[in-house]
Amino acid sequence: MTLATADVGALLQLVPVQRAAFALLLAAVGLPVIGVVIVGLDIMPVRFAMMHVALLGIAVGLLTGLDPMLCALVACALSGAGVAPLARTPSGLAGAMGLLMSLAVAAALLVLAVSGVNASGAFALLWGSVLSVGAPDLVVLGVLAVVVPGLFWWRRRDVALLLHDRELAQCSGVPVGPLTLVLLVLVAVSVAGAIKLTGALLVDALTLLPALAARRLGTSLTSITVWAVAIGVTVNATGFLLALWLDWPPGPVLVLTAGAVVLAVHALPERRNRSWRASASASLPSSH
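Under our numbering, the sequence shown has 1310 at position 79, and the numbering climbs by one with no breaks.
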């Protein structure tokens, strides 16, 4: 049964709903840009790896009495930094993510089993609950909304070259190692920060799907980033209002809305412009 428009308006007057809407707006600014990094570095398994790392952090939090989501954020940030030295090649990074995922889930299950902590409570936090977003969650999303686009704008040439080709970036003077480290930490923290909104299994709605649609529309890293944020804002606003109107869970509705946008964009005729990777190559200094 759907709600009347007046009922949706009444819901939007509630503080938890307003916090959820604000959180999704902040997420739409920072997280789609992270999706551009995930697609550019070809590290799709990172979402699954960080989901398991977050589970380990949540288990440790429940065991120690610390805030579970804070522990998840810290665990993901440390893991992102830890795999950076292994990311010398895309295949090396993918392999590191696979190893990290296996070790994290094994450690999480061991902590839950040995400590006697209720496993269902730990796994429940992974499903997300956008209406339970609190001030700490807004702070994390707000920082990401500022830091991630800011880094892209400040180092947009270096990021474009890194996402295009690691070796070419290194030859052109890009600090590949430190930049990769920063990007991986931001990816890890962003995935952990999005868990509260949609749950770990549906985090693609906030990160990857807007980036996939933006790649079809943009021809440079800057335009792809702008498109990703615009699509993220549109999807989050539309999906959240639709979920309120239909009285459905927001997470799945956001995923389906984002998926519909991706399918619609890919149904458009392909533009015959050079890709952002070609633009990145063109920015390389000429050799003499």
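Glycine included, every Cβ here is placed at the ideal spot set by N, Cα and C. Keep in mind it's a predicted model, so treat the numbers as computed, not measured.
>> Which runs of the alpha helix (DSSP H) at least 4 residues long sit entirely within the segment 1238-1272? Give them in chain order.
In response: Residue ranges of uninterrupted alpha helix (DSSP H) with 4 or more members, entirely inside the segment 1238-1272 and ordered along the chain, are 1246-1272.
> So Ala1251 and Leu1362 are in contact, right, with Cβ under 8 Å, and what is the actual spacing, rounded?
Replying inline: The C-beta separation of Ala1251 from Leu1362 comes to about 5 Å, placing the pair in contact by the 8 Å criterion.
>> If I measure Cβ to Cβ from Ala1423 and keep anything under 6 Å in the same chain, skipping five residues before and after, which residues do I get?
In response: Ala1285, Ala1303, Leu1304 and Cys1307
>> What does the alpha-carbon distance come out to for the pair Ala1489 and Leu1255?
In response: Here the alpha carbons of Leu1255 and Ala1489 stand approximately 13 Å from one another.
> Taking 9 Å as the CB-CB cut-off, is Val1493 touching chain C?
Replying inline: Of the chains in the structure shown, none is chain C; there is only one protein chain.
> For Ser1346, is the classification buried or exposed, using 16 other Cβ atoms within 10 angstroms of its Cβ as the cut-off for buried?
Replying inline: exposed
> Can you tell which of Val1416, Ser1360 and Gly1296 has the C-alpha that lies nearest to the C-alpha of Val1268?
Replying inline: The shortest C-alpha separation from Val1268 is found at Val1416.
>> Comparing C-alpha positions only, which one of Met1281, Leu1437 and Pro1299 sits nearest to Pro1367?
In response: Pro1299
> Can the beta-carbon of Val1420 be found closer than 9 Å to that of Val1371?
Replying inline: yes
> Span of the alpha helix (DSSP H) holding Leu1410?
Replying inline: First-last of the alpha helix (DSSP H) with Leu1410: Val1407 to Thr1429.
>> Is it buried or exposed, Met1275, if we count other Cβ atoms within 10 angstroms and call 16 or more buried?
In response: exposed
> According to the Cβ coordinates, are Met1328 and Val1390 closer than 9 Å?
Replying inline: At a Cβ-Cβ threshold of 9 Å, Met1328 and Val1390 do not count as neighbours.
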